[in-house]
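Order-wise, the sequence lines are chains A and B. The working numbering applies: residue 1 is where the first sequence begins, and numbers increase by one. The working numbering applies: residue 1 is where the second sequence begins, and numbers increase by one. These notes are about the structure you will find just below.
Number of protein chains: 2
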Amino acid sequence: MFLFKQRKFFLTTIVAGIILSFTTASSSNADYSKFPKFHRFPNQPLSRGRVQNIILFIGDGMGDSEITIARNYSVGAAGRLFIDTLPFTGEYTTYSIQEQNPKLPDYVTDSAASGTGWATGNKTSNGRISTTVGTDKDLKTILELAKQRGYKTGDVSTAELTDATPAVLLSHVSDRSCQGPQDMANCPQDKKSAGGPGSIAEQSIDHDVDVLLGGGKQRYDQIIDGGNYVGKTVIDAAKARGYQVVTNAAQLQMAQPASKLLGLFSPGNMSLEWAGQAAIPYPGSGPQRCIENQRPTNEPSLADMTNKAISLLKQKAGRGGFFLQVEGASIDKRDHAGNPCEQIGETVALDRAVKVALEYAKNHPDTLIVVTADHGHTSQIIPPPTASNHSPGKFSTLITADEAEMTVNYATNLPAQSQEHTGTQVRIAAQGPQGENVVGVLDQTDLFHILARAIGAE
Amino acid sequence: MFLFKQRKFFLTTIVAGIILSFTTASSSNADYSKFPKFHRFPNQPLSRGRVQNIILFIGDGMGDSEITIARNYSVGAAGRLFIDTLPFTGEYTTYSIQEQNPKLPDYVTDSAASGTGWATGNKTSNGRISTTVGTDKDLKTILELAKQRGYKTGDVSTAELTDATPAVLLSHVSDRSCQGPQDMANCPQDKKSAGGPGSIAEQSIDHDVDVLLGGGKQRYDQIIDGGNYVGKTVIDAAKARGYQVVTNAAQLQMAQPASKLLGLFSPGNMSLEWAGQAAIPYPGSGPQRCIENQRPTNEPSLADMTNKAISLLKQKAGRGGFFLQVEGASIDKRDHAGNPCEQIGETVALDRAVKVALEYAKNHPDTLIVVTADHGHTSQIIPPPTASNHSPGKFSTLITADEAEMTVNYATNLPAQSQEHTGTQVRIAAQGPQGENVVGVLDQTDLFHILARAIGAE
Numbered sequence: 001m002f003l004f005k006q007r008k009f010f011l012t013t014i015v016a017g018i019i020l021s022f023t024t025a026s027s028s029n030a031d032y033s034k035f036p037k038f039h040r041f042p043n044q045p046l047s048r049g050r051v052q053n054i055i056l057f058i059g060d061g062m063g064d065s066e067i068t069i070a071r072n073y074s075v076g077a078a079g080r081l082f083i084d085t086l087p088f089t090g091e092y093t094t095y096s097i098q099e100q101n102p103k104l105p106d107y108v109t110d111s112a113a114s115g116t117g118w119a120t121g122n123k124t125s126n127g128r129i130s131t132t133v134g135t136d137k138d139l140k141t142i143l144e145l146a147k148q149r150g151y152k153t154g155d156v157s158t159a160e161l162t163d164a165t166p167a168v169l170l171s172h173v174s175d176r177s178c179q180g181p182q183d184m185a186n187c188p189q190d191k192k193s194a195g196g197p198g199s200i201a202e203q204s205i206d207h208d209v210d211v212l213l214g215g216g217k218q219r220y221d222q223i224i225d226g227g228n229y230v231g232k233t234v235i236d237a238a239k240a241r242g243y244q245v246v247t248n249a250a251q252l253q254m255a256q257p258a259s260k261l262l263g264l265f266s267p268g269n270m271s272l273e274w275a276g277q278a279a280i281p282y283p284g285s286g287p288q289r290c291i292e293n294q295r296p297t298n299e300p301s302l303a304d305m306t307n308k309a310i311s312l313l314k315q316k317a318g319r320g321g322f323f324l325q326v327e328g329a330s331i332d333k334r335d336h337a338g339n340p341c342e343q344i345g346e347t348v349a350l351d352r353a354v355k356v357a358l359e360y361a362k363n364h365p366d367t368l369i370v371v372t373a374d375h376g377h378t379s380q381i382i383p384p385p386t387a388s389n390h391s392p393g394k395f396s397t398l399i400t401a402d403e404a405e406m407t408v409n410y411a412t413n414l415p416a417q418s419q420e421h422t423g424t425q426v427r428i429a430a431q432g433p434q435g436e437n438v439v440g441v442l443d444q445t446d447l448f449h450i451l452a453r454a455i456g457a458e
Numbered sequence: 001m002f003l004f005k006q007r008k009f010f011l012t013t014i015v016a017g018i019i020l021s022f023t024t025a026s027s028s029n030a031d032y033s034k035f036p037k038f039h040r041f042p043n044q045p046l047s048r049g050r051v052q053n054i055i056l057f058i059g060d061g062m063g064d065s066e067i068t069i070a071r072n073y074s075v076g077a078a079g080r081l082f083i084d085t086l087p088f089t090g091e092y093t094t095y096s097i098q099e100q101n102p103k104l105p106d107y108v109t110d111s112a113a114s115g116t117g118w119a120t121g122n123k124t125s126n127g128r129i130s131t132t133v134g135t136d137k138d139l140k141t142i143l144e145l146a147k148q149r150g151y152k153t154g155d156v157s158t159a160e161l162t163d164a165t166p167a168v169l170l171s172h173v174s175d176r177s178c179q180g181p182q183d184m185a186n187c188p189q190d191k192k193s194a195g196g197p198g199s200i201a202e203q204s205i206d207h208d209v210d211v212l213l214g215g216g217k218q219r220y221d222q223i224i225d226g227g228n229y230v231g232k233t234v235i236d237a238a239k240a241r242g243y244q245v246v247t248n249a250a251q252l253q254m255a256q257p258a259s260k261l262l263g264l265f266s267p268g269n270m271s272l273e274w275a276g277q278a279a280i281p282y283p284g285s286g287p288q289r290c291i292e293n294q295r296p297t298n299e300p301s302l303a304d305m306t307n308k309a310i311s312l313l314k315q316k317a318g319r320g321g322f323f324l325q326v327e328g329a330s331i332d333k334r335d336h337a338g339n340p341c342e343q344i345g346e347t348v349a350l351d352r353a354v355k356v357a358l359e360y361a362k363n364h365p366d367t368l369i370v371v372t373a374d375h376g377h378t379s380q381i382i383p384p385p386t387a388s389n390h391s392p393g394k395f396s397t398l399i400t401a402d403e404a405e406m407t408v409n410y411a412t413n414l415p416a417q418s419q420e421h422t423g424t425q426v427r428i429a430a431q432g433p434q435g436e437n438v439v440g441v442l443d444q445t446d447l448f449h450i451l452a453r454a455i456g457a458e
């Protein structure tokens, strides 16, 4: 009966009792048009109570198609990724709303509006970072709430730390482009010199988040234009606020829990894990195997960063436990680029980071782990191309772990352009206390409430 | 806090206790390449015991993207379909295997191999109907097992009754094209005149399924070439075996539970519910609203067929209860055609059929309802087109229930060709006894085992 020789894996599941009573008041009216719009389906929590630790993984653009592609390639169609092993699963909707008319949805979200959704429980328009649509008010984030309630906090990404997903937890600006103090063209009202809270980089420091790890050093090297640290770089301001600052993998490994930690491992986004031929129009690229181990050794892996973040937050944990967000950012970026190997390499890197959390949870079962995406993306598995039947876009054929050929299609935009996000509902999975609350069909904003309940804030 | 004015909806959920112990034997080895291939992840059943009734809905080609498109259009992004309300949700993998080398997966299944997977628990190659890859042996189906165990049985589809999805439950042929006794070019060994079991249509009758409703009368009008009914049409053979035969909605409504029922409401596939402009290359079709209520009144809706099937199976039910499969077939067919309105109309029609089952289950809580798809498909929600940024395939923009524009993309094949299935994992959802067994990541073949356990056959 047994399955994984190298890694024995036991899923022992006991349902002492599940009673689901599901009642609809009698009605002969199946006319959908009469349903009020923009009301949430009531997802009643299945359980409540304070959770010690929360580790949230966001696979940027990691829809069900992207998960399947990574699984087929790396472990075969019948294999299972670590993210597949979380016992509770649901799907959530990801739409944003329109800046000019917030009563209307925008069916294809970006990571900023999406992140504002899961981080604050509020829909906003594409491009906004935890601010309200139209009125530009700050929206309280789950990280801010966790911090208030005594949790240690961490924010980790393979993108720039000032990119949308890490940003939504620890900053409030009207536009995601406002990443450093010299990048404020689209948020003049937010500049420190204008009496605002400053750029995303500045706000990340001012939030005193315990562990900040990722790319984007170029933002933190910029000069602050107002406030207490005027004339200093954001890195200098961080040091003045008590951060130790590390810039490579060796330094990260040596970092001690005595102070807050800012790790900036690349000027921009961190390097990619894998390489391979990009998708091209018919006849497509490949068949190819991906080239692994492309990340420079001076940059830590997402798993390394996750491991270090947990060890620092754990050691520093007061009674509050910790809240940690970990983003696999370049799944999305390489899907935009139409490069399946790079996309898969980043998905596998996220999966290995999830493995770190699962290992931690083995000895800390009071840890809620959630793995989800912020939106769907372009890539699709399609049949092998022929002269008369093939994608009108670009595609590549990979030779998978099954030693079979898999064709991956990118056709949401013209081949020369950045491929697009899609509006599909995406998977959410969880393990640990209150993990069962993710089962069913949810909206992205429900994740905020699930997490807020888990930290006792709702 | 309450939400739906027209249709009050209470999801009251009580978890008396869920204890999930999730242990991995310690291992430092995260090398995926070492995992044995083609072994199932062990999905232990969360509960067991005999279930009175089972209603299985297959949305052909109804991936998460197709569900989201139908939801956005018909009830708005924040609305909920009936299929969304099932409390237990998972995702399953759908790959088939290759005829020439069954050790290799085929990452994009068709409905025949997919159906063989969920109906028999065995992977097979594309095109096969409940027969083994290579060796062409019959595979026992869940309907056959249910019948043996005293369940009344029903099989309902908007396609021809001899199309792949209804066929996998009640026939065994080497090729899905062998739908009627005169369609046997690809299955000479299966012909009655060759001593075989005959075409799918013949086998459907010979199985004595209690309720058969759908299209495909052209197959049943064909002359049988061997066996007891040689020289007769399949319809005449059906009558000889005790079937009442109906061919329109009025007759269906009048049908009595005294005998088995064969309903054939169209020569081929049943008519579509909605109409609209097909997708076209840039600038795309639309913006459009779909034209509803296109089905001729002499053809019953899928909801009508479901309702009648339940009422006949229920009235006839012995101690065995019933097993009923209901397929929304043309979701797939209109996704192939790149017609979003027609695709959505069929999805909504399936959803209304699910509503019928949910209503039945209110008073018959010993009913397991499962709603899933057989494979993913082409359609994607993408941003609005511009001259420089748009799909390289074909697309259409719809005006949804939100009164917002949604652009639906079809780009898995050239615009003039039939669009393709995709290899993504797809949603499975359930309600009722043992419904919790669908949670997590499963394979399609697991659905057979879930159902087999529910009828006490495993």
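In this text, a Cβ means the ideal position worked out from N, Cα and C, and glycines have one as well.
Looking only at B:Asn-269, B:Arg-334, B:Ala-255 and B:Ala-278, the smallest Cα-Cα distance to Asn-307 of chain B is reached by B:Ala-255. Residue state for Phe-448 of chain A is assigned as helix, using DSSP reduced to three classes. Looking at the DSSP output, Lys-217 of chain B bridges to nothing. When the alpha-carbon of Ala-240 of chain A is set against those of A:Ser-266, A:Asn-269, A:Glu-202 and A:Gly-215, the nearest one is in A:Glu-202. Thr-153 of chain A is bridged by DSSP to A:Phe-323.
Assignment of Glu-342 of chain A by DSSP, reduced to helix, strand and coil, places it in the helix class. DSSP places Tyr-410 of chain A within a strand segment (E or B) once states are collapsed to three. DSSP links Glu-405 of chain A through a beta bridge to A:Ile-399. Along the segment 104-127 of chain B, the positions whose C-beta sits under 7 Å from a C-beta of chain A are Leu-104, Pro-105, Tyr-107 and Val-108, read in chain order. Counting every other CB atom within 10 Å of its CB across the protein chains shown gives Ile-200 of chain A a total of 16 or more, marking it as buried. Counting C-beta pairs closer than 8 Å gives three or more between the segment 379-397 of chain A and the segment 282-299 of chain A, which meets the contact rule. Using beta-carbon distances, His-390 of chain B counts as an interface residue toward chain A, with a partner under 8 Å. In its chain, beyond the 5 residues on either side, Gln-52, Asn-53 and Tyr-151 have a beta carbon closer than 6 Å to the beta carbon of Gly-321 of chain B. Within 8 Å of the CB of Gly-393 of chain A, the CB atoms of chain B belong to Ser-391, Pro-392, Gly-393 and Ala-411, in sequence order along the chain.
In this chain, the alpha helix (DSSP H) harbouring Asn-72 of chain B covers 64-74.
One Cα belongs to Ile-344 of chain A, the other to Thr-158 of chain B, and the distance between them is close to 38 Å. Going by C-alpha positions, Val-173 of chain A is about 34 Å away from Ala-275 of chain A. Ala-167 of chain A: member of the alpha helix (DSSP H) spanning 164-170, first to last residue.
Rounded to whole angstroms, Gly-49 of chain A and Gly-456 of chain A show a C-alpha spacing of 7 Å. Listed in chain order, the positions of the segment 70-89 of chain B with a beta carbon within less than 7 Å of a beta carbon of chain A are Asn-72, Ser-74, Val-75, Gly-76, Ala-77, Ala-78, Gly-79, Arg-80, Asp-84, Pro-87, Phe-88 and Thr-89. Chain-ordered, the chain B residues with CB closer than 7 Å to the CB of Ile-381 of chain A read Tyr-107, Val-108, Thr-422, Gly-423 and Thr-424. Note: Val-441 of chain A is bridge-paired with A:Glu-91 in the DSSP secondary-structure output. Distance check between Arg-334 of chain A and each of A:Gly-79, A:Ala-237 and A:Glu-420 places A:Glu-420 closest, using alpha-carbon atoms only. Membership of Gly-115 of chain B in the alpha helix (DSSP H) is indicated by the continuous run 111-120. A straight-line Cα-Cα distance of about 46 Å links Thr-68 of chain A and Gly-226 of chain B. Taking 8 Å as the CB threshold, Ile-67 of chain B lines the interface with chain A. Contact annotation: the segment 87-96 of chain B touches the segment 119-127 of chain B, with at least three C-beta pairs closer than 8 Å. A direct Cα-to-Cα measurement between Ser-330 of chain A and Tyr-220 of chain B gives close to 55 Å. Following the DSSP letters along the chain, one finds Gln-251 of chain A inside the alpha helix (DSSP H) bounded by residues 249-254.
For Gln-244 of chain B, there is no enclosing alpha helix (DSSP H); the enclosing beta strand (DSSP E) covers residues 243-246. For Asp-374 of chain A, the nearest beta carbon of chain B is not closer than 8 Å to its own beta carbon. Closest in alpha carbon position to Asn-409 of chain B, among A:Thr-372, A:Ala-401 and A:Thr-424, is A:Thr-424. Taken through DSSP and simplified to helix, strand or coil, Val-426 of chain A comes out as strand. Taking a contact as a CB-CB distance under 8 Å, the pair Leu-313 of chain A and Val-426 of chain A does not count as one, their CB atoms being some 27 Å apart. With respect to the 8 Å criterion, Phe-265 of chain B and Glu-299 of chain B are classified as neighbours on the basis of their beta carbons.
Beta-bridge partners of Ile-54 of chain A (DSSP): A:Phe-323 and A:Leu-368.
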